[in-house]
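Here's the structure we're looking at; comments come further down.
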Amino acid sequence: MTTSQDTPVLDTLAAMTLDSLERCGMAPDTLVLTRIAALVAMDAPPVSYLAHFRAGSATDLTPEQIQDVLVAIAPVVGTARVMAAANHIAKALGIEIAAAELTPDA
């Protein structure tokens, strides 16, 4: 995959993600849920969740599945990380909804 001069960082991240998907034997929904757990553990910003929710929508993930991941990892990562993640997730979903409203085909 070649990168565009307009978005070289995004293109590189997309290529890395694609390569990871091709090399991983997990089911797509399991892969996205695993990545969401990793994002919580590292206190990732909303934009990181946004990128994975778009991939997750292709696998038909439900809000309940994401909530289950937060419940499952809470004893390991702690209350503060889970609450911060919930806030980041809410922001990411708000960004996604706003972007969908701007898209003529949405």
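For the sequence shown, my numbering begins at 230 and goes up steadily by one. We put the beta carbon where it would ideally sit given N, CA and C, even for glycine.
Please state if the CB of residue j and the CB of residue i are separated by a distance shorter than 9 Å.
i, j, result
"A280", "R310", "no"
"A315", "L299", "yes"
"I318", "P275", "yes"
Could you give the residue range of the alpha helix (DSSP H) that holds residue i?
i, result
"Q234", "No alpha helix (DSSP H) contains Q234, which DSSP labels as neither H nor E."
"L260", "P257 to A270"
"D297", "P292 to V306"
What's the gap between the Cα of residue i and the Cα of residue j?
i, j, result
"Q234", "P304", "44 Å"
"A313", "D272", "7 Å"
"G254", "L260", "9 Å"
"G307", "K320", "20 Å"
DSSP three-state call for residue i: helix, strand or coil?
i, result
"G254", "coil"
Are there three or more Cβ pairs, one per stretch, closer than 8 Å when the region 292-304 is compared with the region 241-253? no
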